Ligand SMILES: Nc1ncnc2c1ncn2[C@@H]1O[C@H](COP(=O)(O)OP(=O)(O)O)[C@@H](O)[C@H]1O
Ligand SMILES: [Mg+2]
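Residue numbers (the working numbering), protein chains in the order written: chain A, 27 to 335; chain B, 1425 to 1661.
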């Protein structure tokens, strides 16, 4: 019983990270129908950029105060992620906006290879996982219960809280603000949005930037929770997050969050309880994805695909 | 006196297909001007070019005497040209209110809420159901919302593309009455219609567009009486 609870907690933490990344996938797909495969790498770069902020930017005297160091690391990670995504949109995707859909998709794959290799080659020590500082945020809360010990760390709580708060803030922004309306209008009918005076380029770049900021923040939270960052995580978490977005219904914020938590929980529970253990946990995730898509091709909360006029 | 809108020798192409070859017309301040012509004549393409969705291949578009042919769509709207597109093109998954807010997207003044109330006065059915999704409304109600949405930018020139399309005769009458009402409140109107009879009856001036060219023009009542127009567009031999 204690093991089950512990695995639920682990699954929620993993799911929270996936959800934060999935939000970017789902927003970009919603507005320009692009599966931005490079988005996972933006998350990875965010992890490295916040580590670099810690190692190379922060004065030594600030490093032991988590309330100084952590927000600045998050800002560093998010900022680099946003700049990267804006450049990517401007120079890799925008010129292909009216090209056949396969062209930007392949470009996205190319961009992700470039990002991963660039970090691996140029970040000091990044050919292997790079350790994260941990001294300032490793407080563990543990309770004796159900004949065992259940532990949840402050980083785990932070990850879950930021993910949920991020999703709620984003949902509110998109459904209530003027720019949020412009984003939804562009997603539904780009030409008519232009007739309303919406500048599509500005709206699309903002969508990329918001997704990247969330991915960058996910990067720093991942780093302090798992205590390292590695150039491989971009691809792996990119796949998780993409699957979460499809499972929840691409374009849906709620879907991305629920899809993210579902995948985190399945991975963690299947690894513990199902035959094959952790070597088969990905199999269960994709089986779930296939089952959902067979019965609900638009995903759990997606709008059915409509033909555009 | 310069016209509010002047289109001179406009030509527009989709790749190799020349949809508009030589269209010229003028819309004077305060008038209702209609472009009539059969399906595929190039009317919609002309409006989409004026509002900046497509770039002209050649020719000039002047609004208040200044060229607008290479401005972005949002800049053209900011100058006072609103376009109520063919097929209404509402944001069907958004509410009536959100559609109207989008119509006022470029405005920064305080009067938006008041103008929204005016739309609800003009079309009470919208006011009663402002929190409902636009996609749930009937064709006529959707057309009302599309017009209301276009009016929310407070345009000097309102361009309407086939507002009577698919509507019952009663609904068509209501929409045409509304157009006249908007004119009397000071909005200049450029109307595109296949329903030539109703459009010309309402118009100060009309132009016939045929195969991408403006071929005939004149005051609405004169075109209505013109036997070439009657033969081609009013179904008379
Ligand atoms: N997006 C497009 N791509 C290619 N050809 C088009 C497109 N839109 C319209 N056309 C062609 O341009 C011509 C004019 O169309 P349109 O402007 O819609 O005419 P109208 O509004 O008078 O019916 C038609 O021959 C039509 O097939
Ligand atoms: Mg048309």
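Every residue, glycine too, gets a C-beta built ideally from N, C-alpha and C. In this text, all values refer to a predicted model and were calculated from it rather than measured experimentally.
Q. Residue 130(A) to residue 1442(B), Cα distance in whole Å?
A. 29 Å
**Q.** Residue span of the alpha helix (DSSP H) that contains residue 180(A), given as start and end
**A.** 180 to 202
Q.
Looking at chain B, is there any beta carbon in it that lies within less than 7 Å of the beta carbon of residue 334(A)?
A. Low confidence applies to residue 334(A): its pLDDT is 38, below 50, so where it sits in the model is not reliable, and the reading given next is rough at best. Answer no: the Cβ-Cβ gap between residue 334(A) and chain B never drops below 7 Å.
(Q) If you follow the alpha helix (DSSP H) that residue 1451(B) is in, where does it begin and where does it stop? (A) Per DSSP, residue 1451(B) belongs to no alpha helix (DSSP H); it is in the beta strand (DSSP E), 1441 to 1451.
Q: Ignore the nearest five residues each way along the sequence and tell me which others in residue 1571(B)'s own chain have a CB closer than 6 Å to its CB.
A: 1508
Q. Which runs of the alpha helix (DSSP H), 4 residues or longer, sit entirely within the region 60 to 101 of chain A?
A. 65 to 78
Q.
In whole angstroms, give me the CA-to-CA distance for residue 332(A) and residue 215(A).
A. Here residue 332(A) scores only 48 on pLDDT, less than 50, and its place in the model should not be relied on; the value that follows carries that caveat. Residue 332(A) and residue 215(A): Cα-Cα distance of roughly 11 Å.
Q. With DSSP run on the structure shown, which of helix, strand or coil describes residue 1557(B)?
A. strand
**Q.** is_contact[residue 228(A), chain B] using C-beta, thresh 7 Å
**A.** no
Q | Shell residues, 6 Å Cβ cut-off relative to heavy atoms of ligand 1 | A | 1438(B), 1441(B), 1443(B), 1461(B), 1463(B), 1464(B), 1465(B), 1466(B), 1467(B), 1468(B), 1469(B)
(Q) Quick test of your reading: residue 248(A) and residue 231(A), contact by CB under 8 Å. State the CB separation rounded to the nearest angstrom. (A) The pair is not a contact, with the Cβ atoms about 25 Å apart (cut-off 8 Å).
Q) Is it the case that the CB of residue 1617(B) approaches a heavy atom of ligand 2 more closely than 6 Å? A) no
Q | alpha helix (DSSP H) runs contained entirely in the region 1632 to 1656 of chain B, provided each spans 4 or more residues | A | 1644 to 1649
**Q.** Pair within 7 Å by beta-carbon distance, residue 275(A) and residue 327(A)
**A.** yes
**Q.** For residue 335(A), the three-state DSSP class (helix, strand or coil)
**A.** Because the pLDDT of residue 335(A) is 33, which lies under 50, any placement of that residue in the model is unreliable, and the number read from its coordinates should be weighed accordingly. Residue 335(A): coil per DSSP, three-state reduction.
Q: Inspect the beta-carbon positions of residue 114(A) and residue 83(A) and report whether they are closer than 7 Å.
A: no
Q | For residue 1549(B): DSSP bridge partner residues | A | Paired residue(s): none; residue 1549(B) is not in a bridge.
Q) CB-CB under 6 Å to residue 1437(B), same chain, minus the five flanking residues each way: which ones, in chain order? A) 1481
Q) Does the beta carbon of residue 1510(B) fall short of 6 Å from some heavy atom of ligand 2? A) yes
Q | Residues that residue 1525(B) contacts on chain A, provided the C-beta gap is smaller than 8 Å | A | 204, 207
Q) Would you call residue 179(A) buried or exposed, if buried means 16 or more other Cβ atoms sit within 10 Å of its Cβ? A) buried
Q) Under a CB-based cut-off of 7 Å, is residue 222(A) close to chain B? A) yes
Q | Within chain A, the residues that residue 1497(B) reaches when beta carbons sit closer than 8 Å | A | 220, 221, 223
Q) residue 142(A): buried (16+ other C-beta within 10 angstroms of its C-beta) or exposed? A) buried
(Q) Counting only Cβ pairs nearer than 7 Å, list the residues of chain B close to residue 217(A). (A) 1477
Q: Taking residue 1451(B) as the reference, give the member of 1486(B), 1468(B), 1444(B) with the closest Cα.
A: 1486(B)
Q.
What ranges does the alpha helix (DSSP H) occupy inside the region 230 to 318 of chain A, keeping only unbroken runs of at least 4 residues that lie completely in it?
A. 259 to 274, 279 to 299
**Q.** Proximity test, Cβ basis, 7 Å: residue 211(A) and chain B
**A.** yes
**Q.** Same chain only: Cβ atoms within 8 Å of residue 229(A), ignoring 5 sequence neighbours per side
**A.** 57, 205, 208, 209, 212, 219
Q.
Helix, strand or coil for residue 1422(B)? Go by DSSP, reduced to three states.
A. Look at the range of chain B in this structure, 1425 to 1661, and you will see that residue 1422(B) is not part of it.
**Q.** Any C-beta of chain B under 7 Å from that of residue 324(A)
**A.** no
Q) In terms of alpha-carbon separation, which member of 37(A), 28(A), 50(A) lies closest to residue 281(A)? A) 50(A)
**Q.** Through-space distance from residue 1567(B) to residue 1573(B), alpha-carbon basis
**A.** 10 Å
Q) Taking Cβ-Cβ distances below 7 Å as the criterion, which residues of the region 1503 to 1537 of chain B are in contact with chain A? A) 1507, 1509, 1511, 1513, 1515, 1517, 1518, 1522, 1525, 1526, 1527, 1529, 1530
Q) Is residue 214(A) close to chain B, meaning its C-beta is less than 7 Å from at least one C-beta of that chain? A) yes
(Q) Cβ closer than 9 Å: which chain A residues qualify as neighbours of residue 1615(B)? (A) The contacting residues do not exist; residue 1615(B) stays about 17 Å from chain A at best.
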